[in-house]
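K.L.:
Below are the structure tokens for one structure; questions will follow.
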Amino acid sequence: MAELSLKNVVKRFGSYEIIRNASLDVADGEFVVFVGPSGCGKSTLLRMIAGLEHITDGEIHIGDTLVNDVEPADRGIAMVFQSYALYPHMTVEQNLAFGLRMTGNPKADTDRRVQRVADILQIKELMQRRPKQLSGGQRQRVAIGRAIVREPRVFLFDEPLSNLDAELRVQMRVEISRLHKELGTTMIYVTHDQTEAMTLADKIVVLRGGNIEQIGAPLDLYDNPANQFVAGFVGSPKMNFMSAEVTATDSDNVTLTLLNQGNVRLSLPLKNPPPAIGDAVTLGVRPEHFAKAGEGVADLTIAVDVAEHLGNTSYIYANVAGGEQLIIEREESRNEIKTDTLTVAIKSSHALLFDKTGNRLR
Amino acid sequence: MQLRNRAAYGFLAPYLMIFATFWIWPIISSFLMSFQNTRVNPWVFSLGANWGRLFNDPAFYNALKNTMIILIVQVPVMITLATVMAVLLNSPLLKARGLFRFAFFAPVVVGEVAYAAVFRLMFNLDFGIINKLLNSVGIPSISWFAEAPAAMALLIIAVTWRWAGYNAIIILAGLQSIPGDVYEAATLDRVSKARQFIYITLPLLKPIILFCVILSIIGSMQLFTEPMLITNRGGPGGGTETLGLFLYRQGFTSLNFGYASAIAYTMAALAIVISLLNLWVGRDQK
Numbered sequence: 005m006a007e008l009s010l011k012n013v014v015k016r017f018g019s020y021e022i023i024r025n026a027s028l029d030v031a032d033g034e035f036v037v038f039v040g041p042s043g044c045g046k047s048t049l050l051r052m053i054a055g056l057e058h059i060t061d062g063e064i065h066i067g068d069t070l071v072n073d074v075e076p077a078d079r080g081i082a083m084v085f086q087s088y089a090l091y092p093h094m095t096v097e098q099n100l101a102f103g104l105r106m107t108g109n110p111k112a113d114t115d116r117r118v119q120r121v122a123d124i125l126q127i128k129e130l131m132q133r134r135p136k137q138l139s140g141g142q143r144q145r146v147a148i149g150r151a152i153v154r155e156p157r158v159f160l161f162d163e164p165l166s167n168l169d170a171e172l173r174v175q176m177r178v179e180i181s182r183l184h185k186e187l188g189t190t191m192i193y194v195t196h197d198q199t200e201a202m203t204l205a206d207k208i209v210v211l212r213g214g215n216i217e218q219i220g221a222p223l224d225l226y227d228n229p230a231n232q233f234v235a236g237f238v239g240s241p242k243m244n245f246m247s248a249e250v251t252a253t254d255s256d257n258v259t260l261t262l263l264n265q266g267n268v269r270l271s272l273p274l275k276n277p278p279p280a281i282g283d284a285v286t287l288g289v290r291p292e293h294f295a296k297a298g299e300g301v302a303d304l305t306i307a308v309d310v311a312e313h314l315g316n317t318s319y320i321y322a323n324v325a326g327g328e329q330l331i332i333e334r335e336e337s338r339n340e341i342k343t344d345t346l347t348v349a350i351k352s353s354h355a356l357l358f359d360k361t362g363n364r365l366r
Numbered sequence: 004m005q006l007r008n009r010a011a012y013g014f015l016a017p018y019l020m021i022f023a024t025f026w027i028w029p030i031i032s033s034f035l036m037s038f039q040n041t042r043v044n045p046w047v048f049s050l051g052a053n054w055g056r057l058f059n060d061p062a063f064y065n066a067l068k069n070t071m072i073i074l075i076v077q078v079p080v081m082i083t084l085a086t087v088m089a090v091l092l093n094s095p096l097l098k099a100r101g102l103f104r105f106a107f108f109a110p111v112v113v114g115e116v117a118y119a120a121v122f123r124l125m126f127n128l129d130f131g132i133i134n135k136l137l138n139s140v141g142i143p144s145i146s147w148f149a150e151a152p153a154a155m156a157l158l159i160i161a162v163t164w165r166w167a168g169y170n171a172i173i174i175l176a177g178l179q180s181i182p183g184d185v186y187e188a189a190t191l192d193r194v195s196k197a198r199q200f201i202y203i204t205l206p207l208l209k210p211i212i213l214f215c216v217i218l219s220i221i222g223s224m225q226l227f228t229e230p231m232l233i234t235n236r237g238g239p240g241g242g243t244e245t246l247g248l249f250l251y252r253q254g255f256t257s258l259n260f261g262y263a264s265a266i267a268y269t270m271a272a273l274a275i276v277i278s279l280l281n282l283w284v285g286r287d288q289k
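For the record, the sequence lines run as chains A and B. Following the numbering used here, the numbering of the first sequence begins with 5 at its first residue and continues without gaps. Following the numbering used here, the numbering of the second sequence begins with 4 at its first residue and continues without gaps.
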């Protein structure tokens, strides 16, 4: 087990910067998830920690050791790959033991460790099979087993569940979480799926275009996103964004006009320096943060496009002017939800405000 | 027969006729011919004239021995060389990869007569570049065409030069089908590059290498051009006469078609047996 820290890590291919000044501290035993859209650099960052990619600048420490120039094999890490990367010509048992056998680990110890992993992952009956005789979930289990057997200081997972079907993904997600509790080892996990990030992480690192946008606990990110990107990325269904214009300000409040909702005006408390009158801003409200008509700072009447009834809750989809779409969650009885128009209220307590560059104003 | 089947056979008919005339019939005809004495007129059935002679003919055993020497020495050397070439071609460190790939493959597309002529010149006793190079490091000139072992070595060098690159390209395709993250996993498993090659690359390449070995065995069994053109009709004194050349000499110089047919069937049977043996040795052991 070990803590890990990145200090101003940069990765450049020619003049193109893949990772810009990434700094991060991971505590011993912490489960950290790198999340972001495709091409944001999250896998590159993971591979740099593994030593499979060189870093252009900055420092990576694992435990007390600066590992910039330490070979991947000597960093005390184990990695689970998206494609599993099992040795296709070896049985499960050989896959698990290969690394230990190659490094001359005593046979008795190798056998003990392989048996322990087989117990933990419940793959005993698969030991003599080859990877092609296994299902996707079983292969993933073996890949995780191969990482555990090395007893690493840090586990790295590179989108390990993205090749599995939805049901298996949920099941494996729970297993990985259980494994983390059982082993207590530092784990770093890359995914583009914010649900995985929210459910697994002690700490989430949101990346975009090679920049770390925000680091925080899942619920902190959900409740207090640093900017519009994080607000939109974390949470499912996504936060609603409504274009607005600042029409009045005073020392404690800002008054907006929602441009695509029939110029509805609303006033929100604002402690930060207010934007100038006439500035374009974006109002962000999560689907579950709409109140019943009359119970908020402003009422919106929307034409219902589609209503999804999930049983315990319903999602109302509405297309509004300017290509914006609103998603509103209603927990009241599905029979009470009108199917043509709906009037809901925006609650000031949960409404976020962003300037036109996406920075958060409130 | 349904109309669409009839149409299909109609379209296939020209090919099937050519196939039957020039493939099926010769195979059957030569099999029958191998049981006939074709040195008398009319031909008569005789088991001893061809098959009996085959087992007692020192010239046949000489050709068989030469072919086997080439098979046993040349095929392993060439496949090893081809594997090394493929690994080098696959290396990310290699610059101008396309050029090297072409260069290694080029010998296959060079005309056989041209390549034979160039080899004869290169290995010429008096003014060939090979002897000049040997002399420059203090080795006396070798009479490549006058001494049987030297002529055999020359044949092996020539065939290896011609076909190593071709096999390397096939093995390269196999190498490129091994996913890179398997090696990354092995690197993280603390497995050295050399051990990765032995324990990951070679086992995963086995089916491809086996395929190349079998192609090469079949090629060696039929070897004809090189002993015919480079070592001057299997010279010196039959020292490089292969089964292919022996068959040609019996069939088309002595016009003994029955005997040539028996030799042809023996060659085919040997190629099949050796290939099956190879498949059996290289089978996946569960």
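Note that CB positions come from ideal geometry on N, CA and C, so glycine has one too.
(1) Looking at the structure shown, is residue 232 of chain A part of a helix, part of a strand, or coil, going by DSSP?
(2) Name the residues in the stretch 55-74 of chain A whose C-beta lies less than 7 Å from a C-beta of chain B; which are they?
(3) Of all the residues that make up the stretch 167-189 of chain B, which are near chain A by a beta-carbon distance shorter than 7 Å?
(4) Between the stretch 204-223 of chain B and chain A, which residues of the former have a C-beta closer than 9 Å to a C-beta of the latter?
(5) Which partner residues does residue 363 of chain A have in the DSSP bridge list?
(6) Among A/276, A/232, A/328, A/28, which residue has its Cα nearest to the Cα of residue 309 of chain A?
(7) Using a C-beta to C-beta distance shorter than 9 Å, which residues of chain D count as neighbours of residue 194 of chain B?
(8) Within 8 Å (strictly less), CB to CB, does residue 83 of chain A reach chain B?
(9) In terms of residues, what are the limits of the beta strand (DSSP E) holding residue 160 of chain B?
(10) Output the distance between the C-alpha atoms of residue 292 of chain A and residue 299 of chain A, rounded to the nearest integer angstrom.
(11) Any idea if residue 55 of chain A is buried or exposed, counting beta-carbon neighbours within 10 angstroms, 16 or more meaning buried?
(12) Tell me the rounded alpha-carbon separation between residue 192 of chain B and residue 106 of chain A.
(13) Within its chain, find whatever has a CB closer than 7 Å to the CB of residue 354 of chain A; leave out the 5 residues flanking it on each side and keep chain order.
(14) Report all residues from its chain with a CB closer than 8 Å to the CB of residue 168 of chain A; omit the five preceding and five following residues, and keep chain order.
(15) Could you give the uninterrupted runs of the beta strand (DSSP E) lying entirely in the stretch 60-96 of chain A, keeping only those of 3 residues or more?
(16) Between A/188, A/287, A/346, which lies nearest to residue 297 of chain A when the distance is taken from Cα to Cα?
(17) Can you tell me whether residue 256 of chain B is buried or exposed? The criterion is at least 16 other CB atoms within 10 Å of its CB, across all chains shown.
(18) Shorter than 8 Å from the beta carbon of residue 20 of chain A to some beta carbon of chain B?
(19) Are any of the Cβ atoms in chain B nearer than 8 Å to that of residue 91 of chain A?
(20) Taking C-beta pairs closer than 8 Å, name the residues in chain B that residue 87 of chain A reaches, listed in chain order.
(21) Pull up the distance between the alpha-carbon of residue 252 of chain B and that of residue 241 of chain B, whole angstroms please.
(22) If you compare alpha carbons, which of A/117, A/195, A/91 is closest to residue 40 of chain A?
(23) In angstroms, rounded to a whole number, what distance separates the CA positions of residue 204 of chain B and residue 91 of chain A?
(24) Between the stretch 85-100 of chain A and the stretch 155-165 of chain A, do at least 3 Cβ pairs fall closer than 8 Å?
(25) How big is the Cα-Cα spacing for residue 267 of chain B and residue 201 of chain B?
(26) Give a yes or no on contact between the stretch 46-55 of chain B and the stretch 134-149 of chain B, applying the rule of three or more CB pairs nearer than 8 Å.
(27) What residues from chain A crowd round residue 198 of chain B, counting only those whose CB sits closer than 9 Å?
(28) Take every Cβ of the stretch 186-193 of chain A, pair it with every Cβ of the stretch 109-118 of chain A, and state whether three or more of those distances are shorter than 8 Å.
P.N.:
Reading from the atomic positions:
(1) helix
(2) 56
(3) 182, 184, 185, 187, 188
(4) 206, 207, 209
(5) A/231
(6) A/328
(7) Among the chains of the structure shown, chain D does not appear; the protein chains present are A and B.
(8) yes
(9) Here residue 160 of chain B belongs to no beta strand (DSSP E); instead the alpha helix (DSSP H) covers 151-179.
(10) 14 Å
(11) buried
(12) About 8 Å.
(13) Here the set comprises 289, 290, 293.
(14) 140, 141, 144, 176
(15) 61-66, 81-84
(16) Out of A/188, A/287, A/346, the CA that lies nearest to the CA of residue 297 of chain A is found in A/346.
(17) exposed
(18) no
(19) Residue 91 of chain A counts as touching chain B.
(20) The contacting residues are 182, 184.
(21) 11 Å
(22) The candidate whose alpha carbon is nearest that of residue 40 of chain A is A/195.
(23) Approximately 10 Å between the Cα atoms of the pair.
(24) At 8 Å Cβ cutoff, the stretches touch.
(25) Annotation: residue 267 of chain B to residue 201 of chain B spans about 39 Å, alpha carbon to alpha carbon.
(26) no
(27) 106
(28) no
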